[in-house]
Amino acid sequence: MPTSLVLLIAAACGIVVANLHYSQPLIGEISESLDLTAGSGAEQGGYSVLTFRVPTESETAGTVKLTVQLPSLKSARTEPMPGWTATIDRNADQATAVTWTADAGTLVGPDQFEQFELAAGPLPNQDTVSFPAAQTYSDGTVVNWEQPTPAGGSEPEYPAPTLTLAAASGSETGSEHGEFAHTSETTSTGTSDTLARWLGGIGLVLGAVGALAGIAAFARSRRS
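So for the sequence shown, the working numbering puts the first residue at 13; every next one is plus one.
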């Protein structure tokens with residue numbers, strides 16, 4: 013087989029591989045449910061920053077309110093968000109719910125998502141804890157994310173955001189001082205996503221250059 017033809021085939025394969033890599037959904041990038049993640053302090057009796065990632069699934073309306081039920085937490089603090097007002101419901105000295113309400117003109121539109129953060133604790137002394145949530149749309153529709161996911165079973169249509177808690181370690185995360193410590197997991201996820209995109213883009217460019225070189229070489233061999 014002529015060398016030029018081998019180069020052409022190899023270059024074409026390079027483009028296909030690069031496209032397959034680049035078009036793969038990145039981990040954590042696409043989700044059809046309300047996700048909950050936490051910092052490194054997500055342990056029993058500890059404090060952590062909880063992140064609720066809320067997608068707008070409607071094609072005609074936007075998300076304008078999110079209410080999350082809390083497991084009677086001693087401390088709950090929201091992060092300021094432009095365009096949103098947060099309120100915390102309390103029963104005596106326990107935080108029982110948090111609600112984010114969009115200001116006039118603000119919403120999470122179709123095909124968009126928003127992340128709502130809450131510094132909370134102490135977390136319950138149990139293996140898992142759920143945070144049932146109600147998502148309200150601009151057309152009045154309310155989606156209740158409250159269905160439990162059975163152990164070893166398939167995920168329901170509207171699963172309640174659930175967090176798995178590590179056993180108490182007795183470190184600083186067991187006090188309020190660790191409440192605002194963001195996890196390196198969040199940073200590494202964002203970094204790996206960016207790196208994957210760059211690598212995919214570089215692969216596409218190199219594949220295209222190789223294809224052009226292979227085509228040129230093949231054309232020259234045909235003329236000679």
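We treat Cβ as the ideally placed atom computed from N, Cα and C, and that holds for glycine.
If we ignore side chains and look at the alpha-carbon of each, how far apart do residue i and residue j end up?
| i | j | result |
| --- | --- | --- |
| LYS77 | GLN147 | 6 Å |
| THR63 | ASP47 | 8 Å |
| PHE128 | ASP139 | 23 Å |
| PRO134 | SER142 | 14 Å |
| THR198 | GLU126 | Unreliable positioning characterises THR198 in this predicted model, as indicated by a pLDDT of 32, which lies under 50. A coordinate reading is not provided. |
| LEU85 | SER45 | 24 Å |
| VAL80 | SER166 | 23 Å |
| GLY95 | ASP115 | 5 Å |
| VAL155 | THR75 | 10 Å |
| GLY51 | SER150 | 31 Å |
| PRO160 | PRO144 | 9 Å |
| VAL66 | ALA163 | 24 Å |
| PRO173 | GLU158 | 8 Å |
| SER87 | ALA98 | 15 Å |
| ILE100 | THR113 | 11 Å |
| GLY121 | VAL110 | 21 Å |
| GLY152 | SER70 | 12 Å |
| ALA179 | PRO171 | 24 Å |
| LEU175 | VAL61 | 12 Å |
Exposed or buried, which one is residue i when buried takes at least 16 other CB atoms within 10 Å?
| i | result |
| --- | --- |
| SER181 | exposed |
| GLY117 | exposed |
| ALA107 | buried |
| GLY58 | buried |
| ALA131 | buried |
| ALA54 | buried |
| THR72 | exposed |
According to DSSP, is residue i part of a helix, a strand, or is it coil?
| i | result |
| --- | --- |
| ASN137 | coil |
| ALA131 | strand |
| SER142 | strand |
| GLN81 | strand |
| THR118 | coil |
| THR185 | With a pLDDT of 48 at THR185, under the threshold of 50, the modelled position of that residue is not reliable, and the figure given next carries that caveat. Of the three classes helix, strand and coil, the one that applies to THR185 here is helix, per DSSP. |
| LEU46 | coil |
| TYR149 | strand |
| GLU55 | strand |
| GLN124 | coil |
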